[in-house]
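Counting from 47, one number per residue, gives the positions in the sequence shown under the numbering used here. C-beta atoms are modelled at their ideal positions from N, C-alpha and C, and glycine is treated no differently. Each remark here refers to the structure printed beneath this line.
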Amino acid sequence: MSENPIFNPERIKIGAGKFTAGKIVFGGFFGDEGKGKIVDITCSDYKKNGYKILSIRGQGSGNAGHTVEVNGKKMFFHYLTSAGMEADIMLLGAGMLIDPVRLLDEIKQLPENKQAIVLIDERAMLCCDLDRKLDEWIENETRSTGKRTIGTTKSGVGPATALRALRQHPTFADVKSCKSKEDLYKIIMNRPLVPMRIMSSMTMEYAGKLFEAVNQLSIVNGLEIISNCREEGYAVLLEVSQAVLLDPLFGNGGHFVTSTPTTDIGAAAGAGLKLDDFPEGSTMVLKAYSSKVGGGPFPTKFKEDEAAIADVIYRIVGECGVTTGRKRDLGWFDAVGVRHSLMLSNCREIAINCMDLIPKLAKATDKIKVCYAYRKKETDEVTYMWPYDLSKYEPLYIELSMTEKTDEQIIDDYIHLVSTVIGRKIDYIGLGPGREDIRKL
Ligand code: IMP
Ligand code: MG
C-alpha cells in the first residue's frame, strides 16, 4: 500500500494505549486529610511491581499545601505533588493555575535529578501577584461591607479562575510564546474588568521576573505526555488537592468553596484523564475527626465545652494550614459529608488517618461522637443527605461510650461505628504520622 500522508497508522495509535495501573487519591472532607501518606504507599507498591510513575495534578493552585520529608529535610509543597520524590514524571495538568516564580522556588528545593521531571501543561493558567492582590482586595471589601467572607488562602486561584472564564487571563502556552518581558507585561495587563487600583501594582520589573521563571520551566503538551506514558506502561497517580466538600458545584453551600473541581472525577478531567485510566479506581482519604480552615459553616465543630478534646489534637497533630499557617477548626467525624463524597466519586477504597487520636480523645471525654444525620433547625426535619445550606442545620450524633475499654477496643469500636454509618468497609487506617503507621484492615 502506498504511503498515505493523511492516514498514518503510526499517528492513529496515539491515545490507544491503556494504563494498566492507576489510582486517584482524593479527600472526602474539607482538605488536609493526609493524602500524602496514601500516595507514599501507593508509590512503593508501583515501584515494587516495576512500574515507572506518572504523578499528576489536574486542578487547584498554590492553595494546596503538604509537607514532604526527604532524608530528614522537611519541604513544603504547594504546586508539586506529594509523590514528587518517587515519580519519574510529574505533570502539572491543564486545570491548574500556577505562579511560575513560586513554582520554580519549589522545584529548586528538589534534588537535582528530580528537578527535570517537572512538566507543566501549556493549557494551565498563569496565576501571579495581581491575582493574589485581587483575592485579598475582594475579601477585604466583602468584610468591610459586613458580608460573609470565604476565608480564602489568598493564593489568587479564585480571581484567576474568574478571569479565565472571561477570557482575560493567559495560559502557559500564551506566556511561553512571549519573546520579551514587555510582551508578557502586555498580555498580563489585558484585564479590562480588574480595578485600576489593583492593575497599577503590576510593574515591568515583576513581568521580568515572571518571564525569567517561565523560561526555566518545561512547558509541554500534557496530552502528549499522557499518551506516551500510556504507551510506555507507566502507572498513573492523580493527586486531588483540597477535598470534595470544598467542590465549587457540590461543596459547602456553593459559597464557601474553592474555585476548581475537587472530586476525583473533576480532577481527572482537569488533567485530561478519564476514569478508565485508573484501573484501581479512587481512594478516599479521611481523618478520624474533621478539620477545616477558612469561612463557612462547620456544624460538627467541637463546642466550647469540648475545647479539651480539641486541645488533645492540637497538642499531638498541630493542625495548622500549610499554606496560610492558620490553626484549623476541629470537629467530630461527619458521616453525612462522607456519604456525600461517596455519592460524587468513583471511590473504591477508604483510608482513615489519625485513628491513633481516638483513644487519646476518649481520655479527655467519656463519649466519642459521630454525626450520622442533620436536623433542620426551623422545622426539625431530619435529612441523611448533605444539605445545601449547612448553616440551617444541626448535626445529630451517635455516641460511643469509651469507659473501661482498651485502646485497641476503642479503635475497633470506632471503625465499626464509622463503617456502619457511611455504609462502606474501611480499608486502611493511619495510626501515626509515618508511612509505616498505615495498617491495612
Ligand atoms: P481558595 O481555594 O484559596 O480560594 O479558598 C477557598 C476555600 O477553600 C477556603 O475555605 C480555604 O480555606 C479552602 N481551602 C483551599 N485550599 C485548601 C487546602 O488545601 N486545605 C484545606 N482547605 C483549603
Ligand atoms: Mg493541605
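Give the single residue among the options whose Cα lies nearest to the Cα of residue i.
i, options, result
"I359", "E158, V339, Y335", "Y335"
"E278", "L100, L284, W183", "L100"
"F8", "V339, G364, D375", "The structure shown does not extend to residue 8, since the chain is modelled only from 47 to 487, so the question has no answer here."
"M389", "S328, G340, T425", "S328"
"V384", "K373, E450, G469", "G469"
"I84", "N95, F72, F122", "F72"
"I444", "K438, T452, S465", "S465"
"L149", "N261, G342, I355", "N261"
"G96", "D322, I102, T88", "T88"
"G480", "N267, D310, V164, V116", "V116"
"F302", "K338, D483, L283, P325", "K338"
"G476", "F65, T369, E79", "E79"
"I456", "V266, K413, D483, K69", "K413"
"E251", "E352, Y231, I398", "Y231"
"H112", "L126, G106, Q105", "L126"
"L284", "A162, L321, K255", "L321"
"N399", "L332, K471, K94, G82", "L332"
Suppose the cutoff is 7 Å on Cβ atoms and the five residues either side in sequence are ignored; what does the same chain contact list for residue i look like?
i, result
"G77", "Q288, A289, L292"
"L269", "G318"
"R237", "L209, Q214, M245"
"K179", "I244, S247"
"G242", "The sequence as given places Met at residue 242; Gly does not occur at that position. For M242, where only same-chain residues beyond five positions count, there are no Cβ hits under 7 Å."
"L463", "V416, I444, L446"
Within the present structure, is the beta-carbon of residue i separated from the nearest heavy atom of the ligand MG by less than 7 Å?
i, result
"L397", "Looking at the sequence shown, residue 397 is not Leu but Ala. No; taking the cut-off as 7 Å, the Cβ of A397 has no heavy atom of the ligand MG nearer than that."
"D86", "no"
"G77", "yes"
"H215", "no"
"H112", "yes"
"V368", "yes"
Cβ-heavy atom distance between residue i and the ligand IMP below 7 Å?
i, result
"R292", "According to the sequence shown, residue 292 is Leu rather than Arg. Answer for L292: yes, Cβ within range of the ligand IMP."
"A356", "no"
"F324", "no"
"G204", "yes"
"Q105", "no"
"V303", "yes"
"N109", "yes"
"S336", "no"
"T198", "yes"
"Q488", "With the chain covering only 47 through 487, there is no way to say anything about residue 488."
"G377", "no"
"G21", "Within the shown structure, residues of the chain are numbered from 47 to 487, placing residue 21 beyond reach of any answer."
"V339", "yes"
"G118", "no"
"G74", "no"
"G488", "The requested residue 488 does not occur in the structure, where the chain is confined to residues 47 to 487."
"S201", "yes"
Grab the span of the beta strand (DSSP E) containing residue i for me, first residue to last.
i, result
"C417", "413–422"
"N399", "393–399"
"K333", "328–333"
"M136", "135–138"
"S305", "Careful: S305 lies outside any beta strand (DSSP E) and carries neither H nor E."
"L436", "First-last for L436: undefined, no H or E at that position."
"T337", "The displayed chain sequence assigns Ser, not Thr, to residue 337. S337 -> beta strand (DSSP E) spans 336–338."
"H215", "Counting along the chain, H215 falls outside any beta strand (DSSP E), and DSSP gives it neither H nor E."
Beta-carbon within less than 6 Å of residue i's beta-carbon, same chain only, minus the 5 sequence neighbours each way: which residues are those?
i, result
"G478", "D402"
"G63", "R276, E277"
"K373", "C366"
"V164", "M136, I153"
"T309", "V290, D293, L390, S391"
"Y474", "A397, I484, K486"
"R421", "V428, E440, L442"
Could you check where the alpha helix (DSSP H) with residue i kicks off and where it finishes?
i, result
"R361", "353–363"
"C275", "268–277"
"M121", "It is not in any alpha helix (DSSP H) - M121 instead sits in the beta strand (DSSP E) that spans 119–123."
"N83", "The sequence shown places Lys at residue 83, not Asn. Counting along the chain, the alpha helix (DSSP H) containing K83 begins and ends at 81–94."
"S190", "175–190"
"K222", "218–222"
"T207", "203–211"
"S287", "Looking at the DSSP string, S287 is not in any alpha helix (DSSP H), and its letter there is neither H nor E."
"G383", "381–389"
"Y231", "227–234"
"R148", "146–155"
"L256", "250–262"
Leaving out five residues on either side along the sequence, give the residues of the same chain with a beta carbon under 8 Å from the beta carbon of residue i.
i, result
"G299", "G342, P343, Y434, D435, L436, S437"
"H386", "V290, L291, F296, M431, W432"
"I362", "L403, K406"
| query | When the Cβ atoms of the region 137–149 are set against those of the region 307–318, are three or more pairs found closer than 8 Å? | reply | Yes, since at least three Cβ pairs between the region 137–149 and the region 307–318 fall closer than 8 Å, the two stretches touch.
| field | the region 196–209 contacting the region 167–175, beta-carbon criterion three pairs below 8 Å | value | Verdict: yes, contact present.
| query | Touch check for the region 152–159 and the region 179–189: three-plus C-beta pairs under 8 Å? | reply | The answer is no - the region 179–189 does not touch the region 152–159, with fewer than three Cβ pairs under 8 Å.
| message | Can you confirm whether the region 212–223 touches the region 109–128 when touching is taken to mean that 3 or more C-beta pairs between the two stretches lie within less than 8 Å? | response | Using a C-beta cut-off of 8 Å, the region 109–128 makes no contact with the region 212–223, since fewer than three inter-stretch Cβ pairs fall below that distance.
| Does the region 448–461 come close enough to the region 397–415 that 3 or more CB-CB pairs lie under 8 Å? | In the pairwise beta carbon analysis, the region 397–415 is classified as touching the region 448–461: at least three pairs are separated by under 8 Å.
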